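Just so we're aligned: 98 in our numbering is position 92 of the sequence shown, and the numbers increase by one with no gaps anywhere.
In what follows, a single structure is set out as structure tokens and then discussed.
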Amino acid sequence: AMVDVWHANEKGGYSHFFPGMQPYELRRRIETDAKGFYRFRSFLPPGYAIPPTGPVAELFAALGRHGQRPAHIHFLVAAPGMRTLTTQVNIPGDSYIDDDFAFATRDGLIVSLERNVAPKGYESLGITAPFTRSVFNFVLPRAASADEALPLTRMERVATPG
Numbered sequence: 007a008m009v010d011v012w013h014a015n016e017k018g019g020y021s022h023f024f025p026g027m028q029p030y031e032l033r034r035r036i037e038t039d040a041k042g043f044y045r046f047r048s049f050l051p052p053g054y055a056i057p058p059t060g061p062v063a064e065l066f067a068a069l070g071r072h073g074q075r076p077a078h079i080h081f082l083v084a085a086p087g088m089r090t091l092t093t094q095v096n097i098p099g100d101s102y103i104d105d106d107f108a109f110a111t112r113d114g115l116i117v118s119l120e121r122n123v124a125p126k127g128y129e130s131l132g133i134t135a136p137f138t139r140s141v142f143n144f145v146l147p148r149a150a151s152a153d154e155a156l157p158l159t160r161m162e163r164v165a166t167p168g
């Protein structure tokens, strides 16, 4: 399977959208091993707010809603013959985890964090000091048809019924 992973920087910005970030910064495509395992190294991203000015901020103000997203990491997982999954996992402890304006938080998508993990066995990732680890498994359902197994672009997904 291929695992695409991306998350915001320390200021809540995403590459391709946030000034000063390099293209594909904090984005990675990972090929799983033969058993479907993957791993990557990054940092725990913070939650963030929508920009305080502009039409979205005006809309939220008119609705009496906040524009906060809890800390999260995005994933897109694809494999031949399987349905592609686009999702996010949430980082526990964020004050907005139960009040995401995008309504994207689900109990089953809140990861567990194991803090102060010894670096032994992780040297190949450049880890030399205790770190925080999270384990999260994705299970892809088989595609019901050849068409359902085809990867779609973002715009094709929007235009595809169902």
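Just so it is clear, CB atoms sit at the ideal spot from N, CA and C, and this is done for glycine as well.
These numbers come from a predicted model, not from an experiment.
- Here the stretch 77-95 makes contact with the stretch 144-151; the two share three or more CB pairs at distances below 8 Å.
- Q94 is the residue among Q94, L131, D100 whose C-alpha sits nearest the C-alpha of G114.
- Boundaries for V62: no beta strand (DSSP E) harbours it, while the alpha helix (DSSP H) harbouring it runs 61-69, taken from the DSSP string.
- The C-alpha of A108 lies about 37 Å from the C-alpha of E129.
- In this structure, the beta-carbon distance from P98 to V117 falls below 8 Å.
- Beta-bridge analysis with DSSP links H80 to W12, Q94.
- Here E120 is actually not in contact with R89; their C-beta atoms are around 30 Å apart, not less than 8 Å.
- Between the C-alpha atoms of G73 and F49 there is a straight-line separation of about 23 Å.
- One thing to note: I36 has its Cβ no nearer than 8 Å to the Cβ of Y30.
- In this structure, R47 is the residue among R47, P57, F81 with its C-alpha nearest to the C-alpha of G132.
- Note on geometry: alpha-carbon atoms of A150 and F24 lie some 38 Å from one another.
- If you ignore the 5 residues before and after F142, its C-beta comes within less than 7 Å of the C-beta of V95, V117, all in its own chain and listed in chain order.
- Contact check for T38 and A14: beta-carbon distance about 24 Å, past the 8 Å limit, so the pair fails to qualify.
- Close CB contacts of G19 within its chain, under the 7 Å cut and outside five residues either way in sequence, are with M27 (chain order).
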